[in-house]
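To convert a position in the sequence shown, counted from 1, into the working numbering, add 129. Using N, Cα and C, we set each Cβ at its ideal position, and we do this for glycine too. Down below is the structure, laid out as structure tokens.
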Amino acid sequence: MITVILLASLAAVAIGQPQSGLANGYGAPANGGRNGQAPGNGLNNGYSAPANGGSNGLSSAYGAPSAEEELAELAASLPGGGVPGEDFPVLSEVPDTGFQCGDQAFSGYYADDAEEARCQVFHICQLRESGKVQQDSFLCPNGTIFNQQYLVCDWWFNFDCSQAQGFYSVNEQIGKVESNGAQSLNNGYAAPTNGQNGNGLANGNGQNGGYGAL
């Protein structure tokens, strides 16, 4: 019995003594990594993303203006006022109205007086060298319509769209030269020579009435 107690005491003394091991060996830093190595408990001093995601100065409360607000701003910006969608059309794309350049007598510019277009749409009609009639359609900016008399996009209150077809014959004068050498129509709308899709029609293009090759 005494022997058993003695052995147990020696074992307890042995367990209680510090381990000699590699006392002077390398040990990982307690508060951070060495040579760029992170401590075992993760990156405590590294970059952390904001709790609510990245921020670039835009508040999450920001919202784009509503359609009603945009129309109100448009009406307020027009010198003649008016109610968008009632007094003048507000289109975002060219509607299909059934307008056909082939039905027109001359190459030129034509306001589309269909109910769904209300002259905010205009068409450029050209006869190409191939003999094919080319039709290109455009929108005037919101608040304006195509003034068929002067062939320009004009404030909606400056032209009565219902009179547009009465001025279609203005296209007959495009390119004609008076005896004094001045063109008879100098204030017409002139699309860029290469226009949209490379086929814009410029005034003074040598048309002498009817469809003529450009």
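For Ala-240, the enclosing beta strand (DSSP E) starts and ends at 237-240. Looking at the backbone, the Cα of Pro-270 and that of Val-262 are separated by about 26 Å. With the rule of 3 Cβ pairs closer than 8 Å, the region 232-244 counts as touching the region 267-282. Distance between Ala-234 and Ala-293, taken at the CA atoms: about 15 Å. Taking a 10 Å sphere around the C-beta of Gly-272, we find 16 or more other C-beta atoms and assign the residue as buried. Beta bridge pairing from DSSP links Cys-269 with no other residue. Judged by DSSP in its simplified three-state form, Phe-228 adopts coil rather than helix or strand. As the crow flies, the alpha-carbon of Glu-245 is around 11 Å from that of Gly-227.
Around the beta carbon of Val-306, fewer than 16 other beta carbons sit within 10 angstroms, so the residue counts as exposed. Of the candidates Leu-200, Pro-208 and Gln-229, Leu-200 places its Cα closest to the Cα of Pro-218.
Beta bridge pairing from DSSP links Gln-255 with Gln-263. Following the DSSP letters along the chain, one finds Ser-206 inside the alpha helix (DSSP H) bounded by residues 196-206. Taken atom to atom, the span from the alpha-carbon of Ser-236 to that of Glu-222 is near 23 Å. A check of alpha carbon separations from Gly-210 across Glu-301, Gly-295 and Trp-284 identifies Trp-284 as the nearest. Nearest in C-alpha terms to Phe-267, of all of Ser-259, Gln-249, Arg-257 and Gly-260, is Gln-249. Cα atoms of Gly-304 and Gln-264: separation of roughly 19 Å, rounded to the nearest angstrom. Taken through DSSP and simplified to helix, strand or coil, Val-306 comes out as strand.
Per the coordinates, the alpha-carbon of Cys-254 lies some 31 Å from the alpha-carbon of Leu-203. A residue is called buried once 16 or more other Cβ atoms fall within 10 Å of its Cβ, and Pro-208, having fewer, is exposed.
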